[in-house]
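In this note's numbering, the protein residues as written are 146 to 394. Glycine is no exception: its CB is placed at the ideal position from the N, C-alpha and C atoms.
Here's what the structure looks like:
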């Protein structure tokens, strides 16, 4: 889960320049587009509005904060983080968010490995049967790719009404473990899923950042979607096209 939200004026943010080349550029291009921005996908508009709101406080929302804000009454949000410094920040940020506005759903923060938690907490023992599991490991170690494939292939048959999303970076030095992960997932999921899971039960979608160089670190990213909602793939492809345009230098 990471820290949940991040200061835009932190030394790390200023050093990497990711905010300037990412969210700031996206918001700036949307503002410059003016009336034409009305044609962007709804998900991009919602995300941009949320980021503008957070930017007024000097910070940027990570996926935990986005999920918290979009949750409904009765929803439950379980966040897992194992890094000893990040878990403290995550708890602090989620508590601060609860003070700033009443959260729509219940938020539970776990100091534990997300891969282990996925196997231990699924299927949900209470509440709605349907839900979403988002996997976003650090990928600092080559074995993280293998661990993700293991976790997904173990969890998917255990939670037959759950949707799964797994984010991964495109990094040249990790191209081999990434290819092995994708091959294993494609073979395993094809054997696990049936027509009852929908006409497009899983897919990979990737984008390379505009003007990025493949030998300069992360040059793009991808997402695995398992049991996505109807027309999710078509909407995701529209979002990718929109983001590629908005992130142009």
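Legend entry - Simplified DSSP assignment, three categories, for residue 290: Locating residue 290 in the chain shown gives position 145, where the first residue counts as 1. Looking at residue 290 - three-state DSSP - the assignment turns out to be helix.
Inset, instruction - Identify, in the order they occur along the chain, each residue of the same chain with its Cβ nearer than 6 Å to the Cβ of residue 276, setting aside the five sequence neighbours on each side. - result: What you label residue 276 is simply residue 131 of the chain shown in a count that begins at 1. Once the five neighbours on either side are set aside, the close Cβ partners of residue 276 are 307.
Inset, instruction - With a 10 Å radius around its C-beta and 16 neighbouring C-beta atoms as the bar for buried, classify residue 375 as buried or exposed. - result: Residue mapping note: residue 375 aligns to position 230 of the chain shown, counting from 1. Answer is exposed; the Cβ neighbour count stays below 16.
Inset, instruction - Find the nearest neighbour of residue 213 within the set 289, 321, 241 and 163, judged by alpha-carbon distance. - result: Residue mapping note: residue 213 aligns to position 68 of the chain shown, counting from 1. The candidate whose alpha carbon is nearest that of residue 213 is 241.
Inset, instruction - Starting from the C-beta of residue 369, find all residues in its chain whose C-beta is less than 6 Å away, skip the five residues before and the five after it, and write them out in chain order. - result: In the chain shown, residue 369 corresponds to position 224, counting from 1. Hits under 6 Å: 311 and 349.
Inset, instruction - Following the continuous beta strand (DSSP E) through residue 151, name the residue where it begins and the one where it ends. - result: Within the chain shown, numbered from 1, the residue matching residue 151 stands at position 6. 150 to 152 is the extent of the beta strand (DSSP E) around residue 151.
Legend entry - Rounded distance between the beta-carbons of residue 257 and residue 210, thought under 8 Å: By one-based count along the chain shown, residue 210 stands at place 65. By one-based count along the chain shown, residue 257 stands at place 112. Between residue 257 and residue 210 the Cβ distance is about 20 Å, and since that is not below 8 Å, they are no contact.
Inset, instruction - Count the CB pairs spanning the stretch 219 to 227 and the stretch 183 to 199 that are closer than 8 Å, and state whether there are at least three. - result: no
Inset, instruction - State buried or exposed for residue 296, treating a residue as buried only when at least 16 other CB atoms are found within 10 Å of its CB. - result: In the chain shown, the residue the question calls residue 296 occupies position 151. Its Cβ being crowded by 16 or more others within 10 Å, residue 296 is buried.
Legend entry - Paired residues, beta bridge with residue 255 - DSSP: Counted from its first residue, the chain shown places residue 255 at position 110. Its beta-bridge partners are 225.
Legend entry - Identity of the residue in 199, 185 and 147 nearest residue 388 by Cα: Against the chain shown, residue 388 aligns to sequence position 243. Of 199, 185 and 147, the residue nearest in Cα terms is 185.
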